[in-house]
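The block underneath contains the structure these notes are about, expressed in C-alpha cells.
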Ligand code: AMP
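In the numbering used here, the protein residues as written are 127 to 487.
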C-alpha cells in the first residue's frame, strides 16, 4: 500500500516514519527536492497546484493525504477525483479561512473570541470601535506561526497595522487575556471509530509554539474539548487526525483555530502516548483500528526554533528524544524538537527546565 503525502515537511517525514512498521510506502509532492521528507521517501517535485505533478503523485499511490493547510483546494479536488483523499476537502477549505472557521464554530456552538471580517480601513476602524482595544488583526488566509498578525493596543496602531496587512482579506479578533492555551488532537477512521488524546498545554512566543506539556489533567476542560472536537469531526464526516486549539479564559474554552492534520502540539505522542498521532492518522485514513491514545507518562516537547542546540548535550540529558528535521537554520523556522517523558509530573518539570536551559544556550 502506497500513501501519497502532499507536502514533505517535518510532518510528512514523521508520518512516513510512523508508517514503515505497518509496511506502508510513501511518496511526497513538494516544491523542494530537499524538504525533510526527502530523507525517507521519494519526492515528486512540483508546485501544489501543478496539475502534471499532482497526476504523477496520484498515479503511483493508493490514497492521498496532506500535511499542511495551504494546499490549494482546487488541487485537492483534482486529487480526490483520482484517488481517495483524506482529511475531507471541505475541512481543508474551512481551515484556510479564519472567518469560515469561526462561522462554523459558531454554528456548532463552540465559543470563539468576538470577531469581525475586515476588508477596508473604514471597516477596520468600525471593528476596533465595536470590539474595543486590545485586539488582534490577522489575515484571513495563509497565516501560520504568527505570520500575518498584528496586536492593536492603541488607536495609533490601527493605521500601521492596516499598512502592513491591508490588501488581503482580514479578520479582527478581540484579544483574549487567556490563562493558558490548550489543544486537543483526535482521530476518526474511515470506519467511523473516534479516539481522542488528552488535552495539552501550549506556550507560544512570537506566535510560534515553543513548549507543549502533556497531558493536562483537567477533567472539565478535557470534556469540553472532546465535545467540541467531536462536533467538528461529525460535521465533516471526518477521516484522519484533527486538531483544535483553544484559549482558556477564566476557566472557559474559547476556540482559536482548527488544523485538519497532524499537529506540532501532538509531537509528544511519538514517545509520550501509546500510539502516536502520526500512526493514528495513517490508521484512520486506511480504515484500520485506531490505537490507544492514552499518555504513557508525563511528557514535555520543546521546539528548536531558528537554531539547533548542541546535540551531544541534549542526548546527555536522561530520557530525551531528539528530532532533527534536517532543515537549514533560519530565524523563526522549526528545525526540530525534543520530547522528554518522565514517570511523574514533578520529574518531567525538572527535566523540562534543564532542557529549556540547553535549548536557550
Ligand atoms: P494563531 O496563528 O491564530 O494560532 O495565533 C498564534 C498565537 O497568537 C496564539 O497561539 C496566541 O498565543 C496568540 N493569539 C492569537 N489570537 C489571539 C487572540 N485573539 N487573543 C490573544 N492572543 C492571541
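All C-beta atoms, glycine included, are put in the ideal place defined by N, C-alpha and C.
Using CA atoms only, rank isn't needed, just tell me which of 458, 160, 251 and 296 is closest to residue 226.
What you label residue 226 is simply residue 100 of the chain shown in a count that begins at 1. Closest by C-alpha distance to residue 226, out of 458, 160, 251 and 296, is 296.
Range of the contiguous alpha helix (DSSP H) that encloses residue 81:
The structure shown does not extend to residue 81, since the chain spans only 127 to 487, so no value can be given for it.
Let me know the secondary structure DSSP gives residue 340 once reduced to three states.
Taking the chain shown and counting its residues from 1, the one referred to as residue 340 is at position 214. For residue 340, the three-state secondary structure derived from DSSP is strand.
Residue 404 to residue 145 span [Cα, whole Å]:
Position 278 of the chain shown, counting from 1, holds the residue named residue 404. Position 19 of the chain shown, counting from 1, holds the residue named residue 145. One C-alpha to the other measures close to 8 Å.
At a threshold of 7 Å, does residue 239 count as lining the ligand AMP (C-beta to nearest heavy atom)?
Taking the first residue of the chain shown as position 1, residue 239 is located at position 113. Checking the Cβ of residue 239 against the ligand AMP gives yes.
By Cβ distance below 7 Å, which residues in the same chain neighbour residue 471 in space, the five residues on each side in sequence not counted?
Taking the chain shown and counting its residues from 1, the one referred to as residue 471 is at position 345. Cβ within range, chain order: 424.
Output the boundary residues of the beta strand (DSSP E) element that contains residue 298.
Here residue 298 is taken as the residue at index 172 of the chain shown, counted from 1. Here the beta strand (DSSP E) through residue 298 covers 296-300.
Based on Cα-Cα distance, which residue from 307, 407, 341 and 381 lies nearest to residue 329?
In the chain shown, the residue the question calls residue 329 occupies position 203. Checking every option, the nearest Cα to that of residue 329 belongs to 307.
Please name the residue in 377, 347 and 376 whose C-alpha comes closest to that of residue 370.
Here residue 370 refers to the residue found at position 244 of the chain shown. For residue 370, the closest of 377, 347 and 376 by C-alpha to C-alpha distance is 347.
Quick check on residue 408: does DSSP put it in helix, strand or coil?
For this step, residue 408 is matched to residue 282 along the chain shown. When DSSP states are grouped into helix, strand and coil, residue 408 belongs to the helix group.
Can you find a heavy atom of the ligand AMP that lies under 7 Å from the Cβ of residue 389?
Along the chain shown, one-based indexing puts residue 389 at 263. No, the Cβ of residue 389 stays beyond 7 Å of every heavy atom of the ligand AMP.
When you compare the stretch 441-455 with the stretch 329-342, are there three or more beta-carbon pairs, one atom per stretch, that lie closer than 8 Å?
No contact exists between the stretch 441-455 and the stretch 329-342.
Specify, as a first and last residue, the run of the beta strand (DSSP E) that residue 171 falls within.
Against the chain shown, residue 171 aligns to sequence position 45. Per DSSP, residue 171 is one residue of the beta strand (DSSP E) stretching across 169-171.
Compute every distance between the C-beta of residue 258 and the non-hydrogen atoms of the ligand AMP, then say whether any falls below 7 Å.
What you label residue 258 is simply residue 132 of the chain shown in a count that begins at 1. No heavy atom of the ligand AMP is found nearer than 7 Å to the CB of residue 258.
Can you give me the Cβ contacts of residue 455 inside the same chain, cut-off strictly under 8 Å, excluding the 5 residues immediately before and after it?
Here residue 455 refers to the residue found at position 329 when the chain shown is read from its first residue. Contacts found: 432, 433, 434 and 461.
In the DSSP assignment, what residue or residues form a beta bridge with residue 269?
Position 143 of the chain shown, counted from the first residue, corresponds to residue 269. Residue pairing by DSSP leaves residue 269 without any beta bridge partner.
Under 8 Å: do the stretch 265-284 and the stretch 302-318 share three or more Cβ pairs, one atom per stretch?
Counting C-beta pairs with one atom in each stretch, the stretch 265-284 and the stretch 302-318 have fewer than three that are closer than 8 Å, which means they do not touch.
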